[in-house]
Amino acid sequence: MPELPEVEVVRAGLEPAVRNARIAAVSVLDDRALTRHSGDGADFEAELTGRLLRGAVRRGKFLWLPLAPLGEDFPSTRAILGHLGMSGQLLLRTAGAPPERHERIRIDVEHPEHGELALVFADQRTFGSLAIDDLIPTSDAAPAGRGSPEPLVPGQVAHIARDPLDPAFDDEAFRRRLARKDSAIKRVLLDQTVASGIGNIYADEALWAARIHPERLARDLSTRAVRRLIAEVRAVFEKALAEGGTSFDAQYVNVNGQAGYFAHSLNVYGRTGQPCPRCGGPIVRVSFTNRSSHFCPRCQRARGVQ
DNA sequence: TTCAGCTCCTGAACGC
DNA sequence: TGCGTTCAGGAGCTGA
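The first sequence: position 246 = 246 (my numbering), numbered continuously.
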């Protein structure tokens, strides 16, 4: 389940392979992988073939590969926008490599240093997708995300908040936003328009680390608690990044198909009934906002929960 | 305007 | 062995 650390691992892996690479051919094998694209597979293939890629950029869980402008006659800047959804993978393969399981789209590129490569988008559950989107100026004129100094963001990503690892993330604005939220903090953390990149796994882990019950109302959190929470979100992200992300099965791998190791460092997620690493009490799992929520009822008191 | 719940989807795991 | 059910969850949509 790719969240910010997993997507960042993928972005960092793609960056050297796609920067200044020319797209030689595109094959859309399943149009369901283009749910965010305004055209069809043929349109996707036609627009990309022959174009030059500029790099790989990420905001939250969204990833995009900016395309070089076509010239003065076509100055509009576009990008290949991707979201991995639940089970999406972006894999780098040698040219002509056999099809991957659940392969949906293949982009063959020619890189000036690395030669011919295949960028494969595979996705089991088809929640992920690729699209071609216009790049528009960021509302705060700051760089759009990690991987590029350009203040240009895909239109479909413009409403997504910055992620907590972004230097332009505004901690105080985040606190003010929470203070107006009459909703459970777990739900607010999963709202990508408040802070991006946080999914179910890291929300549970950060709330446990900050000793905050997932069903506490966001507006009831003290300034100190919010600061502690955002610090723990960053700490969890940084640790997961250092360990290559969280892999429970083959559904998250880096661009080379390798799993991450952070699943071994999880304190509450997926540990129902096991002792809390902090107090020894049993971790519980509850169904919450159509998700599973894992927490320690002893460490994370239900004070103020409605 | 805000909030909560539903929907999409596939395959592994499980029970019978 | 085969069939049916449950579960996992990101993001957009809809209704209250």
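C-beta atoms are modelled at their ideal positions from N, C-alpha and C, and glycine is treated no differently.
| Check | Outcome |
| --- | --- |
| Spatial distance of F295 from A203 (CA atoms) | 10 angstroms |
| C-alpha distance - S222 paired with A46, whole-angstrom precision | 53 angstroms |
| Contacting residues, own chain, Cβ-Cβ under 7 angstroms from A161 (five flanking each side not counted) | Q192, T193, V194, A195, S196 |
| Residue span of the alpha helix (DSSP H) that contains P69, given as start and end | Note, P69: premise wrong, no alpha helix (DSSP H); not H, not E. |
| Of the residues G60, H102, N200, the one placed nearest R169, counting alpha carbons only | Sequence inspection shows Phe at residue 169; the Arg mentioned does not correspond to that position. It is G60 whose Cα lies nearest to the Cα of F169. |
| 8 angstroms CB neighbourhood of D171 in its chain, flanking five on each side removed | R227, I230 |
| N- and C-terminal bounds of the beta strand (DSSP E) containing D107 | Sequence inspection shows Ile at residue 107; the Asp mentioned does not correspond to that position. Start and end: 103 to 111. |
| Integer-rounded CB distance, given that K186 should sit under 8 angstroms from E215 | 7 angstroms |
| Among H159, G13, T126, the one whose alpha carbon lies nearest that of L119 | G13 |
| Sub-7 angstroms separation of I136 and R78 beta-carbons | no |
| Rounded separation between A95 and D108 - CA only | 7 angstroms |
| Segment contact flag, the region 39 to 56 with the region 284 to 293, C-beta cutoff 8 angstroms, min 3 pairs | no |
| Spatial distance of G85 from E6 (CA atoms) | 12 angstroms |
| E100 versus V9 - alpha carbon distance | 20 angstroms |
| Bounding residues of the alpha helix (DSSP H) (the contiguous stretch that carries G82) | Unbroken run through G82 is the beta strand (DSSP E), 78 to 83; no alpha helix (DSSP H). |
| Top-ranked residue by Cα proximity to Y261, from G244, R51, A56 | G244 |
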